[in-house]
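Remarks on the structure that follows.
Residue numbers (our numbering): 1 to 316.
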């Protein structure tokens with residue numbers, strides 16, 4: 001496909017990330033003799049075998065994501081997950097064998113995590129997991145650190161992604177891009193600042209949240225389920241963490257929240273959060289030149305978005 005990375009180029013990117021992770025691990029005193037890539041989509045994930053350490057190296061990124069901004073976000077993630085682990089909550093923790101901080105190597109910024117043997121023999125039960133998200137929210141309410149407001153919405157990513165798609169009608173038809181831009185003009189002020197959100201939804205409380213579909217990032221380890229992948233952790237409404245899961249999962253969350261003394265989901269907030277999620281999915285097409293599989297992977301989301309109410313019912 002014209003204007004897309006070739007398989008050879010993507011393979012070379014993976015090799016560079018692997019080499020950087022191995023070199024960084026070796027410098028930290030780890031045995032990396034049998035290191036191997038275990039996942040490669042938006043990040044290259046490397047098991048530094050035989051050491052019980054996994055390195056996550058982000059590789060598919062927007063143009064503005066420099067090493068400093070990556071490291072700041074990674075430091076937030078390590079702080080939140082490290083705190084949860086220290087409190088005894090079930091997470092995949094930062095590796096105890098290295099300092100709890102991002103590592104820069106050869107142009108990459110990476111994080112080091114404890115290796116966990118995952119049970120992948122069964123399909124994930126998202127309804128059950130949605131209830132577990134309420135347990136996670138209960139734990140996160142006590143997090144003492146500061147987090148930015150709804151950074152997981154990534155307003156700059158959406159704005160610049162939609163701008164880039166103007167030159168790529170092969171990825172998004174002009175008529176659909178026009179709708180996406182008009183919709184984002186309504187949604188961006190709502191999620192772009194705490195004041196903007198509170199102006200539309202007064203009285204909705206905020207707390208530390210996972211930020212990146214936690215029900216889809218609950219994994220099964222040897223001793224039970226574990227929460228993982230807090231890359232987008234942020235301060236925001238709990239609805240953000242239940243977006244796009246559907247009524248059955250929403251009901252499971254509400255049932256668990258009721259038992260735990262948390263508030264129920266607000267359906268108006270959820271509709272707008274779902275619309276923001278769709279804006280992010282559409283903008284993600286701008287990353288397809290770096291990751292061509294997104295062209296097909298995002299088609300169902302884009303088709304669904306076209307059938308949804310404009311801007312979650314805001315703006316007419």
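Heads up, the beta-carbon is just placed ideally off N, CA and C, and yes, glycines get one too.
Since this is a predicted model, take the numbers as computed values, not measurements.
Contact test: residue i Cβ vs the ligand ZN heavy atom, cutoff 8 Å
i           : result
residue 205 : What this structure holds is no ligand at all, so the ligand ZN is not there to describe.
Separation of residue j from residue i, as counted between CA atoms
i           : j           : result
residue 186 : residue 282 : 15 Å
residue 308 : residue 284 : 18 Å
residue 303 : residue 8   : 31 Å
residue 165 : residue 224 : 43 Å
residue 129 : residue 236 : 20 Å
residue 37  : residue 45  : 6 Å
residue 227 : residue 219 : 7 Å
residue 221 : residue 115 : 10 Å
residue 177 : residue 51  : 47 Å
residue 142 : residue 193 : 23 Å
residue 132 : residue 27  : 38 Å
residue 181 : residue 239 : 23 Å
residue 312 : residue 188 : 12 Å
residue 43  : residue 315 : 36 Å
residue 306 : residue 190 : 21 Å
residue 159 : residue 29  : 42 Å
residue 92  : residue 85  : 8 Å
residue 175 : residue 278 : 16 Å
Short CB-CB distance (under 9 Å) between residue i and chain C
i           : result
residue 237 : The structure shown contains no chain C; it holds only a single protein chain.
Reduced DSSP secondary structure (H/G/I, E/B, other) of residue i
i           : result
residue 320 : With the chain covering 1 to 316 only, the question about residue 320 has no answer from this structure.
residue 110 : strand
residue 37  : strand
residue 104 : strand
residue 214 : helix
residue 97  : coil
residue 226 : strand
residue 221 : strand
residue 319 : No information on residue 319 is available, as it lies outside the stretch 1 to 316 that the chain covers here.
residue 204 : coil
residue 47  : strand
residue 92  : coil
residue 82  : helix
residue 234 : strand
residue 149 : strand
residue 53  : strand
Residue environment, residue i, which counts as buried when at least 16 other CB atoms sit within 10 Å
i           : result
residue 122 : exposed
residue 74  : buried
residue 76  : buried
residue 70  : buried
residue 64  : exposed
residue 67  : exposed
residue 157 : buried
residue 162 : buried
residue 293 : exposed
residue 183 : buried
residue 260 : exposed
residue 145 : exposed
residue 117 : exposed
residue 296 : exposed
residue 173 : exposed
Nearest-angstrom beta carbon gap, residue j and residue i [assumed within contact, 8 Å]
i           : j           : result
residue 113 : residue 95  : 6 Å
residue 81  : residue 206 : Contact flag wrong, Cβ pair sits at about 20 Å.
residue 14  : residue 40  : 5 Å
residue 110 : residue 53  : With 8 Å as the limit, residue 110 and residue 53 do not qualify as a contact, their Cβ atoms being about 11 Å apart.
residue 22  : residue 35  : 5 Å
residue 248 : residue 242 : The Cβ separation is near 11 Å, so there is no contact.
residue 204 : residue 234 : Actually they are not in contact, since the Cβ atoms of residue 204 and residue 234 sit about 15 Å apart, beyond 8 Å.
Point to revise | Stretch pair the region 2 to 9 + the region 283 to 300: three plus CB contacts closer than 8 Å | key: yes
**Study point:** Three CB pairs or more closer than 8 Å across the region 183 to 198 and the region 267 to 275
**Key:** yes
**Study point:** Inter-stretch contact at 8 Å, needing at least 3 Cβ pairs: the region 204 to 219 / the region 124 to 138
**Key:** yes
Point to revise | Contact the region 126 to 140 vs the region 49 to 62: 3+ CB pairs below 8 Å | key: no
Review point. Can you find at least 3 beta carbon pairs, one from the region 12 to 28 and one from the region 102 to 110, that sit closer than 8 Å?
Key: At 8 Å Cβ cutoff, the stretches touch.
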